[in-house]
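Visitor: Each protein sequence line maps, in turn, to chains A and B.
The first sequence runs 1 to 246 under our numbering.
The second sequence runs 247 to 492 under our numbering.
Protein chains: 2
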Amino acid sequence: MHDAIDTTFSPLQNHLLAALPEEVQVRIFSFLELEKLELGQVMYEAGGKLAYVHFPVDAIVSLLYVMESGASAEISVVGNEGLIGVALFMGGESTSSRAVVQSAGHAYRLKGSMLTEEFNRHGKLLELMLRYTQSLITQMAQTAVCNRHHSIDQQLCRWLLLSLDRLPGNHLTMTQELIANMLGVRREGVTEAAGKLQKLGVIDYHRGHITVLNRSKLEELSCECYAVVKTETDRLLPYALPKKSA
Amino acid sequence: MHDAIDTTFSPLQNHLLAALPEEVQVRIFSFLELEKLELGQVMYEAGGKLAYVHFPVDAIVSLLYVMESGASAEISVVGNEGLIGVALFMGGESTSSRAVVQSAGHAYRLKGSMLTEEFNRHGKLLELMLRYTQSLITQMAQTAVCNRHHSIDQQLCRWLLLSLDRLPGNHLTMTQELIANMLGVRREGVTEAAGKLQKLGVIDYHRGHITVLNRSKLEELSCECYAVVKTETDRLLPYALPKKSA
DNA sequence: AAAGTTCTGTGCGCTAGCGAACACACTACT
DNA sequence: AGTAGTGTGTTCGCTAGCGCACAGAACTTT
Numbered sequence: 001m002h003d004a005i006d007t008t009f010s011p012l013q014n015h016l017l018a019a020l021p022e023e024v025q026v027r028i029f030s031f032l033e034l035e036k037l038e039l040g041q042v043m044y045e046a047g048g049k050l051a052y053v054h055f056p057v058d059a060i061v062s063l064l065y066v067m068e069s070g071a072s073a074e075i076s077v078v079g080n081e082g083l084i085g086v087a088l089f090m091g092g093e094s095t096s097s098r099a100v101v102q103s104a105g106h107a108y109r110l111k112g113s114m115l116t117e118e119f120n121r122h123g124k125l126l127e128l129m130l131r132y133t134q135s136l137i138t139q140m141a142q143t144a145v146c147n148r149h150h151s152i153d154q155q156l157c158r159w160l161l162l163s164l165d166r167l168p169g170n171h172l173t174m175t176q177e178l179i180a181n182m183l184g185v186r187r188e189g190v191t192e193a194a195g196k197l198q199k200l201g202v203i204d205y206h207r208g209h210i211t212v213l214n215r216s217k218l219e220e221l222s223c224e225c226y227a228v229v230k231t232e233t234d235r236l237l238p239y240a241l242p243k244k245s246a
Numbered sequence: 247m248h249d250a251i252d253t254t255f256s257p258l259q260n261h262l263l264a265a266l267p268e269e270v271q272v273r274i275f276s277f278l279e280l281e282k283l284e285l286g287q288v289m290y291e292a293g294g295k296l297a298y299v300h301f302p303v304d305a306i307v308s309l310l311y312v313m314e315s316g317a318s319a320e321i322s323v324v325g326n327e328g329l330i331g332v333a334l335f336m337g338g339e340s341t342s343s344r345a346v347v348q349s350a351g352h353a354y355r356l357k358g359s360m361l362t363e364e365f366n367r368h369g370k371l372l373e374l375m376l377r378y379t380q381s382l383i384t385q386m387a388q389t390a391v392c393n394r395h396h397s398i399d400q401q402l403c404r405w406l407l408l409s410l411d412r413l414p415g416n417h418l419t420m421t422q423e424l425i426a427n428m429l430g431v432r433r434e435g436v437t438e439a440a441g442k443l444q445k446l447g448v449i450d451y452h453r454g455h456i457t458v459l460n461r462s463k464l465e466e467l468s469c470e471c472y473a474v475v476k477t478e479t480d481r482l483l484p485y486a487l488p489k490k491s492a
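#1: To be precise: take each residue of the segment 138 to 157 of chain A, compare its Cβ to all Cβ atoms of chain B, and keep it if any distance is under 9 angstroms. Which residues remain?
#2: Does A:Pro-56 come out as helix, strand or coil in the three-state DSSP assignment?
#3: Taking Cβ positions only, does B:Val-474 come closer than 8 angstroms to chain A?
#4: Ignore the nearest five residues each way along the sequence and tell me which others in B:Asp-399's own chain have a CB closer than 6 angstroms to its CB.
#5: Would you identify the three-state DSSP class for B:Glu-320, choosing helix, strand or coil?
#6: Note down the Cα distance separating B:Val-431 from A:Ser-216, rounded to an integer number of angstroms.
#7: Between B:Lys-445, B:His-452, B:Ile-456, which has its C-alpha nearest B:Ser-349's C-alpha?
#8: Could you please give me the residues that DSSP links to A:Ser-103 through a beta bridge?
#9: Taking a cut of 7 angstroms between CB atoms, which residues from the segment 347 to 380 of chain B lie near chain A?
#10: Mind checking which residues open and close the alpha helix (DSSP H) that includes B:Met-360?
#11: Listed in chain order, which residues of the segment 73 to 88 of chain A have Cβ atoms closer than 7 angstroms to some Cβ of chain B?
#12: For B:Pro-302, count neighbouring C-beta atoms within 10 Å of its own C-beta (all shown protein chains included) and say buried if the count is 16 or more, exposed if not.
#13: Step through the CB atoms of chain A and report whether any lies within less than 8 angstroms of the CB of B:Glu-423.
#14: Could you pull the start and end residues of the beta strand (DSSP E) that B:His-455 belongs to?
#15: Hey, how far is the Cα of B:Lys-489 from the Cα of A:Ile-60?
#16: How about B:Ser-286 and B:Ser-342: do their beta carbons lie closer than 8 angstroms?
#17: If you measure between the beta carbons of A:Gly-91 and B:Arg-377, is that distance less than 8 angstroms?
#18: Of the residues B:Lys-442, B:Met-428, B:Gln-444, B:Glu-423, which one's Cα is nearest the Cα of B:Glu-434?
#19: Shorter than 7 angstroms, the distance from the beta carbon of A:Lys-217 to the closest heavy atom of the ligand GTP, or not?
#20: Candidates A:Arg-166, A:Leu-162, A:Val-190: which alpha carbon is nearest A:Thr-175's?
#21: Measure the beta-carbon distance from B:Glu-465 to B:Ala-353 and round it to whole angstroms, keeping in mind my assumption that it falls under 8 angstroms.
#22: Cβ of B:Gly-441 within 8 angstroms of Cβ of B:Thr-419?
#23: Helix, strand or coil for A:Thr-133 per DSSP?
#24: Quick one: which chain A residues come within Cβ less than 7 angstroms of B:Leu-482?
#25: So what's B:Arg-336 in DSSP terms, helix, strand or just coil?
#26: Opposite A:Asp-204 in the DSSP bridges: which residues?
#27: By the three-class DSSP mapping on this structure, what secondary structure does A:Thr-233 have?
#28: Is A:Ala-87 near B:Gln-380, with beta carbons less than 8 angstroms apart?
#29: Identify whether A:Leu-172 lies in helix, strand or coil by the three-state DSSP scheme.
#30: Between the alpha carbons of A:Leu-63 and A:Leu-50, how many angstroms are there, rounded?
#31: Note down the Cα distance separating B:Asp-411 from B:Gly-325, rounded to an integer number of angstroms.
#32: Take A:His-150 and list the residues in its own chain whose beta-carbon comes closer than 6 angstroms to its own, dropping the five residues that flank it on each side.
#33: Starting from B:Tyr-311, find everything on chain A with Cβ-Cβ shorter than 8 angstroms and list it in chain order.
#34: Could you pull the start and end residues of the beta strand (DSSP E) that B:Glu-282 belongs to?
#35: Return the first residue and the last residue of the beta strand (DSSP E) that A:Val-42 is part of.
#36: Counting only beta-carbon atoms, is B:Ser-308 nearer than 8 angstroms to chain A?
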């Protein structure tokens, strides 16, 4: 923000990579490749084989399920707290979800073969991956329930909070159309819900730019789902506590 | 059904246990304890610590998420193709879901400590567990999407099929009230949907007893979600192919 | 400055599913 | 046979969200 260092990336900006024991970092980091993630970029398609796992540092990626009709719904969000491509170490190689970049940025990627090699050498990496996977599972499950029982208004709040936690600052770049796709609802529904939040002074919304003005109010208006996911994630991955580095 | 052997259980009736290499079976089987699962029994509560993993042989267990309001939704079903308690080896020890016996029967349980001990000894067990977990993830994700986009009628079909696959025969014992809880909808909604299926001659329904008369028709009426989950599960766990032993 | 494109706001009518209330089974127990 | 209990069917008004259609507003391109 105020100096050049902010534009330089380090694997340590990803919480999972940062949480590894140093000896593992030493072995792995040299194999990491920095990559740019463009908005809307499809990182993998449903059914496609995965060759890499990706560790975002300042990007957000959505895991989307797309139906035959074309209707879709986001089942989870991944930022610098996690990784893309669990299927690779779960043994399935591919998933039936699609991963789309929701917020442009960067990530480090690691060849799948490197990963499994490291698994065999030392259990710590695997252990961490599994813990993360469990938190992902929690998010998916909560999403399922939320889809069933909560209003668009509540879900929008939840979604904003989840996204916010994965971004620096209180601003996100996102059209209502895109949010609608994520939530699996109509764009008009989002317009309405966002309008209410705008009127309440909770957010400021202008052509694809959202600024959250009152975060605590947002948490209040959100359904419980956000808190459930957050709490469980913090429990499973306690190292990820500092939202932003001072 | 026609001889006494059917009342005797074997760990091999669980597909995961059956798929293990013989040397692992030899080590593990002596530690398995047969247990009876009563209808409605809560196997673990959200947040509770898990001490055992359970491998059903002729029971079905639902993973339920319960909201503050008390409203609930099933996020996945587990039968003899899987296990209860992934959190134990994922490292989290507890989950935020509740596991409820949906169809009474039996399971073998294994102490968590035994499991991790075996993990360290040989990777095959872990590998299998992970594959299964991935198929579970698929089911959860698909459920989330299904909740968002499909009608109660379609979801009921999907649910019947998923349950049927985990049971011998074409009959299940289940009240509409319970199904409603699973699907996270009103009981009346289920009454209506089931009424339609009844009228079409697809199922026969009487006070908690459902007999599926026309399975292919049921698949036809179901949303794509059943097929997606089934296909993916078969891909990930191909050993589980024979639905029933001859 | 003009034209085109992309986002956002509104206003319909329509339907699935909800909540509540109640009537009628069928089963079980005494 | 009588009574209680537990499942199931039906009705009725209500609301959230849908699909569609269109208008304006804000950027982009030429």
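Just so it is clear, CB atoms sit at the ideal spot from N, CA and C, and this is done for glycine as well.
Guide: Taking the geometry as given:
#1: Thr-138, Met-140, Ala-141, Gln-142, Thr-143, Ala-144, Val-145, Cys-146, Asn-147, Arg-148, His-149, His-150
#2: strand
#3: yes
#4: Ala-439
#5: strand
#6: 31 angstroms
#7: B:Ile-456
#8: A:Ile-60
#9: Glu-373, Leu-376, Arg-377, Thr-379, Gln-380
#10: 358 to 367
#11: Ala-73, Ile-75, Ala-87
#12: buried
#13: no
#14: 455 to 458
#15: At B:Lys-489, the pLDDT of 42 sits below 50, so the modelled position is not reliable; the number obtained from the coordinates is stated separately. Answer to the nearest angstrom: the Cα atoms are 41 angstroms apart.
#16: Sequence check: residue 286 of chain B is Gly here, not Ser. Not a contact, by the Cβ cut-off of 8 angstroms.
#17: yes
#18: B:Glu-423
#19: Of ligands this structure carries none, so the ligand GTP is not represented either.
#20: A:Val-190
#21: About 28 angstroms; that fails the 8 angstroms criterion.
#22: no
#23: helix
#24: Gly-92
#25: A small correction: the amino acid at residue 336 of chain B is Met; Arg does not occupy that position in the sequence shown. Helix, per DSSP.
#26: A:Thr-211
#27: helix
#28: yes
#29: strand
#30: 14 angstroms
#31: 9 angstroms
#32: Cys-223
#33: Ala-141, Gln-142, Ala-144, Val-145
#34: The residue asked about is misnamed: residue 282 of chain B is Lys in this sequence, not Glu. It spans 279 to 283 - the beta strand (DSSP E) in which B:Lys-282 sits, taken as one unbroken run.
#35: 42 to 44
#36: no
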